[in-house]
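Engineer:
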Amino acid sequence: MTKLQKGIITAGLILFSAGFACVSYLLEYGVVKMIRYFLLGYTLAYLAGVDAEKRIVPNKSILILLVLRVVLFVPEALLYPGYLGSFLLSSFAGAACGMAVLLFGNVICRNGMGAGDIKLFGVIGFYLGPDAVLAVMLGALLFAAIYSAGKLAGKKISLKDEIPFVPFVFAGFIAASLLGV
C-alpha cells in the first residue's frame, strides 16, 4: 500500500471519528449504536487497506465482524427489551438486501464483483439495516464510478482492469454515517 493510500485511509478515519461523534451527539444515538458504527468503521478502514494492497477481503475479518454484531444484540436486548424483534428483523433484512443487490449486479456484470465484497455487504447490512446498507452501497458505487471514470479518461486503466472496491465502501460508509443514515 502506498503512502498516499495510507494517508487517505487515515484521513478517512479521522473524518469519520470526529464527524460521527458529532452526528451521534446531535441525533442522540445510543451507546450500542455508536459502538456498532465505530466497530464497523474501523474494520472497514482496515479492510480498505488490505483490499488496496492484496485485492482480497479476508473471510476471517468478515466472520469476526459477524460474531461481534451477534454479541451486540445482548446489550441491545437489555437496554431496549421491547425492540429486540425489530433489531433482529432489521439486521436480517439488511444482510439479505446488501447481499442480494450485489449478487444481482454480479450476475448481470458476469462476475464483476468479488465474493468477499458481496459477503462484506451482507455483514454491513447486518450491522446497519436495509436503508443504511443501500445508502452505503450507493455512496460506494458513486465514489468508485468517479474514480474509475477519472482513471479511464487519463488512460491509467482499461475497462477490463479491476479496482479494489472496499476503499470505496469505506468512503460510502463515511458519507452515509455523516449524513445520519
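Taking the working numbering, the leading residue of the sequence shown gets -12, the next gets one more, and so forth.
Glycine included, C-beta positions come from ideal geometry on N, C-alpha and C.
Because the structure is a prediction, the values reported are computed rather than measured.
1. Do the CB positions of ILE161 and PHE3 come within less than 7 Å of each other?
2. Using alpha carbons as the reference points, say which of GLY99, SER48, ASP38, LEU66 lies closest to VAL19.
3. Report the rounded CA-to-CA distance for GLY183 versus ASP118, giving the unit in angstroms.
4. Is ASN93 helix, strand or coil by DSSP?
5. Which residues in the same chain as THR30 place their Cβ atom closer than 6 Å to its Cβ, once the five residues preceding and following it in sequence are excluded?
6. Three-state secondary structure (DSSP) at VAL44?
7. Could you give the distance in angstroms between the alpha-carbon of VAL44 and the alpha-carbon of ILE111?
8. In its own chain, which residues sit with a C-beta less than 6 Å from the C-beta of ALA39, not counting the 5 before and 5 after it?
9. Below 7 Å CB to CB, which residues in the same chain sit around ALA64 once its five sequence neighbours on both sides are set aside?
Structural biologist: For this structure:
1. yes
2. LEU66 is the residue among GLY99, SER48, ASP38, LEU66 whose C-alpha sits nearest the C-alpha of VAL19.
3. Limits of the chain in this structure are -12 at one end and 168 at the other, which puts residue 183 out of reach.
4. Helix at ASN93.
5. LEU52
6. coil
7. 13 Å
8. MET(-12), GLN(-8), PRO151, PRO154
9. LEU71
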